[in-house]
Each structure stands twice: as structure tokens, then as C-alpha cells.
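Heads up: the sequence lines are chains A, B and C, in that order.
Mapping the first sequence onto the UniProt record's numbering, position 90 (from 1) lands on 90, and the numbers just tick up by one.
Mapping the second sequence onto the UniProt record's numbering, position 190 (from 1) lands on 190, and the numbers just tick up by one.
Mapping the third sequence onto the UniProt record's numbering, position 41 (from 1) lands on 41, and the numbers just tick up by one.
Ideal Cβ positions, reconstructed from N, Cα and C, are used throughout, including at glycine.
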Amino acid sequence: MEYNGGSVIAMVGKGCVAIGSDLRLGNQALTVATNFEKVFPVTDRIYIGMSGLATDVATLREQFRFRVNMYTIKEEREIEPESFAHLVSSTLYERRFGPYFIEPVMAGLWKTQAGEYKPYIAAADLIGCLNFAKDFVVAGTASEKLFGVAEGLWEPDLEPEDLFETISQTLLNGVDRDAYSGWGAVIHVILPDKVITRTLKGRMD
Amino acid sequence: MARRYDSRTTIFSPEGRLYQIEYAMEAISHAGTVLGLLAKDGVVLAAEKKVTGKLLDMSGAKEGGYGGSGEKIFLLNSNVIAGVAGITADANSLVNYARTAAQRHLFTYNEDIPVEMLAQRLCDMKQGYTQFGGLRPFGVSLLYAGYDPHYEFQLYHSDPSGNYSGWKATCIGANNGTAQSLLKQEYKDDITVEEAIGLVLRVMSKTMDSTTLGSEKLEFAVLTLDRNTKLPKAKIYKPAEIDALLQQHDLGKKDEDTEMGSA
Amino acid sequence: MECSFALTGKGYVLIAADTTAARSIVKMKIDEDKIKSLGPHLLMAYSGEPGDTTQFAEYIERNIRLYQIRNLYPLRPPSAASWIRRALADSLRSRKPYSVNLLLGGYDTSNHTPSLYWIDYLGTQAEVPFACHGYGSYFALSLLDRYHDPEANLEEGLAVLRRCIDEVSKRLVVSPGKYRVKVVDKDGIREIEF
Numbered sequence: 001m002e003y004n005g006g007s008v009i010a011m012v013g014k015g016c017v018a019i020g021s022d023l024r025l026g027n028q029a030l031t032v033a034t035n036f037e038k039v040f041p042v043t044d045r046i047y048i049g050m051s052g053l054a055t056d057v058a059t060l061r062e063q064f065r066f067r068v069n070m071y072t073i074k075e076e077r078e079i080e081p082e083s084f085a086h087l088v089s090s091t092l093y094e095r096r097f098g099p100y101f102i103e104p105v106m107a108g109l110w111k112t113q114a115g116e117y118k119p120y121i122a123a124a125d126l127i128g129c130l131n132f133a134k135d136f137v138v139a140g141t142a143s144e145k146l147f148g149v150a151e152g153l154w155e156p157d158l159e160p161e162d163l164f165e166t167i168s169q170t171l172l173n174g175v176d177r178d179a180y181s182g183w184g185a186v187i188h189v190i191l192p193d194k195v196i197t198r199t200l201k202g203r204m205d
Numbered sequence: 001m002a003r004r005y006d007s008r009t010t011i012f013s014p015e016g017r018l019y020q021i022e023y024a025m026e027a028i029s030h031a032g033t034v035l036g037l038l039a040k041d042g043v044v045l046a047a048e049k050k051v052t053g054k055l056l057d058m059s060g061a062k063e064g065g066y067g068g069s070g071e072k073i074f075l076l077n078s079n080v081i082a083g084v085a086g087i088t089a090d091a092n093s094l095v096n097y098a099r100t101a102a103q104r105h106l107f108t109y110n111e112d113i114p115v116e117m118l119a120q121r122l123c124d125m126k127q128g129y130t131q132f133g134g135l136r137p138f139g140v141s142l143l144y145a146g147y148d149p150h151y152e153f154q155l156y157h158s159d160p161s162g163n164y165s166g167w168k169a170t171c172i173g174a175n176n177g178t179a180q181s182l183l184k185q186e187y188k189d190d191i192t193v194e195e196a197i198g199l200v201l202r203v204m205s206k207t208m209d210s211t212t213l214g215s216e217k218l219e220f221a222v223l224t225l226d227r228n229t230k231l232p233k234a235k236i237y238k239p240a241e242i243d244a245l246l247q248q249h250d251l252g253k254k255d256e257d258t259e260m261g262s263a
Numbered sequence: 001m002e003c004s005f006a007l008t009g010k011g012y013v014l015i016a017a018d019t020t021a022a023r024s025i026v027k028m029k030i031d032e033d034k035i036k037s038l039g040p041h042l043l044m045a046y047s048g049e050p051g052d053t054t055q056f057a058e059y060i061e062r063n064i065r066l067y068q069i070r071n072l073y074p075l076r077p078p079s080a081a082s083w084i085r086r087a088l089a090d091s092l093r094s095r096k097p098y099s100v101n102l103l104l105g106g107y108d109t110s111n112h113t114p115s116l117y118w119i120d121y122l123g124t125q126a127e128v129p130f131a132c133h134g135y136g137s138y139f140a141l142s143l144l145d146r147y148h149d150p151e152a153n154l155e156e157g158l159a160v161l162r163r164c165i166d167e168v169s170k171r172l173v174v175s176p177g178k179y180r181v182k183v184v185d186k187d188g189i190r191e192i193e194f
């Protein structure tokens, strides 16, 4: 988990969710790339972030994309966040005794019977034990620091722009105290009709 | 005499013919027409639906899904759409195979499958069924409309024998001869998508049996590049959109027609 | 010890790799070519466990060639990189993983862009403006941070590469003596006398 470094975070807002990651890819203490995104779109309303061993981040990203596309083709509809979370969980548990070294964080919006969109976030450990949270989830080498900052900054029912500010401040200040994460960040705020993506600069060292 | 060479599996007749394949092709020439046209900035597909009637439950096609009624035009991958003519059950199985093949390519190479390669994948399978014992060939021809960075917009046709070829404009199914000669007369090399849509609709209205075109008899799709992302964008029209398009080209039902019908 | 460097510039990718084949403390060969041409516009520098390197590089070379024969056009650099990465990632969880590190430089003729991929033996892949493998990376990466220019012409690119190689020769105890340098651009692959 410390080999390549990197951190991800997701937060719930009012009718929206946000997810973000730092951009560092390292080889232990040596920084190899400063443009390595760890958050990927799954559908128009679901994103997944993965921290941990970078080779497994790439492998699982491709595997999830394959499985979600096959699901979409067979079901003729897009996957819902809760189903996706269980897909992630079972994919990881398949390797129970020789796991992929990643910790995923998922954020999405699910459609209620009434047609409204409700926020959904979840995280899992490396063998797929799900953690559904109502406020925020974190993972990666800066997770302890992120927990601390998020605990102080997050409040319920944040509007999209306020949620963006909260998650950005949490992530940037969290990774500043972690040598293995940093080099700026990318944040996605997921709304029912669009996704706002912004790339942030941090201390860049 | 022919009985001896076509009753069981695909084996050569003394004249060197494979009857089962010829029969499969015959099945296709009775199927609903599918027409494809390659323009400089996109590809257009149109298809005639045979299974219609007001008792048929079409609620699934109106909303949800990716458009189309699931009878003639299918999305094979984000960069390829296909029109099928022939035995629908065989077509469904081929479409499923194509989608899996496309996803497998995306998985191993992290890129959308090139259009010709997808056509090849299907043709490899179709060819296999003309050779291995105990099985009949697929009774399906397909038109593939797609985009890839190697050859940009492309249109391919494949038949039950496993042959495939690239086209600027072509037609399969019933009345394909009429449609092809019309296309030959009217096709221009630098045709735009907008002009192509008009031409396809005109040719379809002439080749189809019914006097007026409507969404219950027609499926329609266009593949273009998204203006912002520069990635291929497949649009399979929903029934309401087809009717609107036909109105726009003065080929739809006239208001007096419906009035006369109700009178 | 093994060192390889690569950097992108305006319309090209430069790749340099040392030419020593060593076993323990002994130099066995000093003119080894560790940069393979995988196609008309694709270069791969490889380093790592002797034996694994040649075996794996030839496996990749043959499969990329097979793709080109079957399909009449070569794999584009991003797709080739993804396929090679997968080969290493699958190998990592096999009984005997290959330990090979790669730098993959290519020029995409369909959209006229040069691209460079850093890939390690775990199957970690990153698209980067410049990259190094081996002990040289501890010196060269910081130089490249300072002097690399993605818009530089070939002469300027070679001058930056020269700085990297000189610095490694000056500061690294076990520095290699000679390098081979290759460039890939719109015209294909060339070796440059260095």
C-alpha cells in the first residue's frame, strides 16, 4: 500500500456526491509521475477511486469497466451504485487468499422510485469488505490525516459548490502531511445531470 | 439430385456449390431491407421492420435502453452500430458474440475495437459454421457502420458464408437490387451526413412496400463524431424521433391520411 | 549498473539505454542493444533480470509483429502499452514472474502525437513526458524536471539527454560507459550516434 503511494476520498452532499484523488505515482520515495489519476468514471453517475498498488489499480479499472459494460449490455440499463459496490466487493473477494492490493472508494447517485437522485458512497478493504458511510470515506497513504480533516470540515447537506470546497480543502490539506501523496488533485462533483471535474494544484513538492 | 448434398451438413455438390449457404442467402433476400451509407463525416443506417402490429408491446422501445426496438439495428460497441437482415434469432446470437468480442478487445488493448477487426471476428465464426459438421450456417447478413482512428468512418457488409467487404453505400434484404441501383445513381463521394440522411430516407421510401413511412416500420441510426470530445457517437433513433425526422423530410404520414383513416 | 532514459519533444521521443551486459561484478559485453523496435513507430528499452529481459522482449516483439501481419496496420502506441502492461501484470501473479522494466516510446501516426510510457516489472504504467529506469533515475529525473521542454527540437532534446548521461557518469559509482540512443518520430525510427 505504501509502494506507489496515493490517496482517495469521497463525500456526500445535498443531492450530490464528490470524489477525488491526488496525482502522485511513486516508486517508494521516488516520484515517477505527477499526473496519475486514481478516480475513474463507471457510468454517468458513478465514479470509483482506487488507492494502493498502481498495477492493480490499472488492472482492476480495466476489469471493472469490462464487467460493467457486459452488465449494461445484458441488462439494457446502467448499473446502480449499490449493485456496483457489490460487484467491486465480490471481484476483490474472488482473490481472498492472494488479494489485489487496493482499497476502493465509490461515489454515485441512485434513482429512487419517485425519480429523485440520492447520494451513495462506499469504501472497501483489499478483500472487499464494504463500508457504507453517510458522510465521507477515505483510503490510501494519507487516510489517517484525511479522516481528521474531513471530521472537522464536513457538515450535512452541502450544496455542490460548498461540497467541492470542502472535499478540496480536506484532500489538499490531508495529503500535505503525507510524503507519499500529493502533486495536486483531481475532484469530480457528481450531480444528477452532469459531472463537474476540476484539477487542483497543491504544494507540488 | 440436390437432396443428396444439402440434407445434412454443408458439403459441396458436384457442381461445386454449397446449397445450405445459398439457402441462407435466399432467406436474407426475403428479410426486411437494411441500408447503409457512408458520408464524409458520418455513417447512416436504416432498416425496415417486418414484425409490426398494434398488439405488439413496444413500450420497451419508447424509453430506456439505447434506442431502437431491438429488431434490426443494434449498438455493438461505442464506435460500431450494426443492421441485421435474416433470421432474427441467429442475429441476436451474433450481436451478443460481437459485443463480447468488442469488450474483450477493449479489455486487452484499452482501445475500441477497429471496425474491420470486429467484422472479421464475426466472419471467422460465420465461416466456421459453413465448414464444421452437423451445424447449419447463420442465416444473417450484417451491415456494420463504425469509426476507428485507422480508417475513420467505415461501412462493411458480411454474409452467411463469412465473406465481408467495405462499401460506400449498400443494401441487404428485400429489394436490395432496386435500392443499390438508386444509391449508385445518387451517391456522391463528398456527401455530408445531413444529405446522406435525406438520401437514405428517400431510397427507403421507394424500396419499402408500404406507401407511407413511419416509426412502426422503420429503424434509423447515425454514427458521427462528437463535436466536443472528437469521439464516435452512435445515435439510434427512438420512435418519436424517427417520426419527427420523417416529417422534416416530408416523408411521414400526412395529417389528412390519419383523418381519412379515422373517418 | 543498468540505466535507461527517455524524453519526449516536439514530434519525437528519444530513448537511451546503456550497452553493458553484466553478470555479478563482471562486464560480459559492452555493445549490447537494449532498445528493440516493435514496429515502424514504436521503440522499447528494456532492463532487469538477465534472461527474463531478452525472453520477455522477444515475446512482446513477436506478438506485436503478429498483430501487424494479421491486421495490416500496427497497434497504436497507447494500445501497445496497455497490452504490454497487461502481459507484465499477468506475469506478476504467475508462478515465475518476469522482472523486466520498460520504457516505451512511440509516435502515433493517426493523430501525430509522440508518447512515452514508463512501465515497471509489476505492470505499473504511467504516461510521462520523461522517464528513467535504474540508478540513473535518482540523478536524471531531477535534471529533467529542471531542463525538459516538451516543445524542444531534436538538438535541444539531445542536449538535455547529454546532461543526464554526463551527470550519471560523474556521480554514479557504478556508471555505465556507453549508451545507444534511438529516436522515433513521424519518419520512423533512427539510431543516433552519441
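The C-beta distance from I190(A) to L200(A) rounds to 17 Å, too long to fall under 8 Å, and the pair is not in contact. Per DSSP, reduced to three states, the secondary structure at W83(C) is helical. Distance from the Cα of G148(A) is smallest, within the candidate group F136(A), P156(A), L158(A) and E159(A), for F136(A). Only residues of its own chain outside the window of five on either side were considered, and among them F40 have a CB closer than 6 Å to the CB of R61(A), listed in chain order.
The way I'd put it, the stretch 26 to 38 of chain A doesn't touch the stretch 120 to 136 of chain A; fewer than three beta-carbon pairs between them come closer than 8 Å. Using a C-beta cut-off of 8 Å, the stretch 133 to 143 of chain C makes contact with the stretch 3 to 10 of chain C, since at least three inter-stretch Cβ pairs fall below that distance. With a threshold of 8 Å between beta carbons, N35(A) makes no contact with chain B. Taken through DSSP and simplified to helix, strand or coil, L126(A) comes out as coil. Distance between M208(B) and G146(B), taken at the CA atoms: about 25 Å. Leaving aside the five residues that flank A142(A) on each side, the residues in its chain whose CB is nearer than 8 Å to its CB run, in chain order, S7, D22, G174, V175, R177, D178, Y180 and S181. When the beta-carbon positions are compared, A89(C) and A45(C) stay at least 8 Å from each other.
Within the stretch 48 to 123 of chain C, the beta strand (DSSP E) runs of at least 3 residues that lie entirely inside it are, in chain order, 100 to 108 and 113 to 119. Contact between the stretch 93 to 105 of chain C and the stretch 118 to 138 of chain B is absent, with fewer than three C-beta pairs closer than 8 Å.
Annotation for K111(A): the continuous beta strand (DSSP E) segment containing it runs I102 to K111. Cβ atoms of N79(B) and D112(B) come within 8 Å of each other, at about 4 Å. In the DSSP annotation of this structure, the continuous segment of the beta strand (DSSP E) that includes I15(C) starts and ends at Y12 to D18.
Nearest CB-CB separation between A142(A) and chain C: not below the 8 Å threshold. Listed by position along chain A, the residues whose Cβ is nearer than 9 Å to that of A89(C) are T55, D56, A58 and T59.
Under DSSP, the beta-bridge partners assigned to T43(A) are I46(A). In this structure, F101(A) and M1(A) form a Cβ contact; the two beta carbons are roughly 6 Å apart against a cut-off of 8 Å. By the 16-neighbour rule on beta-carbons within 10 angstroms, E193(C) is exposed.
Proximity to G53(B) across L231(B), V222(B), L225(B) and E216(B) peaks at E216(B), based on C-alpha coordinates. Using a Cβ-Cβ cut-off of 8 Å, R86(C) is close to T108 of chain B, given in chain order. In the DSSP assignment, Q154(B) is bridged to G146(B).
DSSP lists M44(C) as the beta-bridge partner residues of K36(C). Chain C places a beta carbon closer than 8 Å to that of V32(A), counting this residue as a contact. When only Cα atoms are considered, R162(C) and I30(C) end up about 19 Å apart.
The stretch 31 to 42 of chain B makes contact with the stretch 166 to 180 of chain B: 3 or more CB pairs, one atom from each, lie closer than 8 Å. The stretch 108 to 120 of chain C and the stretch 78 to 87 of chain C touch, with no fewer than 3 CB-CB distances between them shorter than 8 Å.
Counting of Cβ neighbours within 10 angstroms places G32(B) among the buried residues, the total reaching 16 or more. Each of T212(B), N96(B), I28(B) and D250(B) was checked against the Cα of I87(B), and the nearest Cα belongs to I28(B).
Note that the C-beta distance between E94(A) and G52(A) is not below 8 Å. Put simply, of R203(A), M204(A), T197(A) and K74(A) the residue whose alpha carbon is nearest the alpha carbon of I19(A) is T197(A). By the neighbour-count definition (other C-beta atoms within 10 Å, threshold 16), K238(B) is a buried residue.
Per DSSP, R77(A) lies in no alpha helix (DSSP H) and is assigned neither H nor E.
Judged by DSSP in its simplified three-state form, Q28(A) adopts coil rather than helix or strand.
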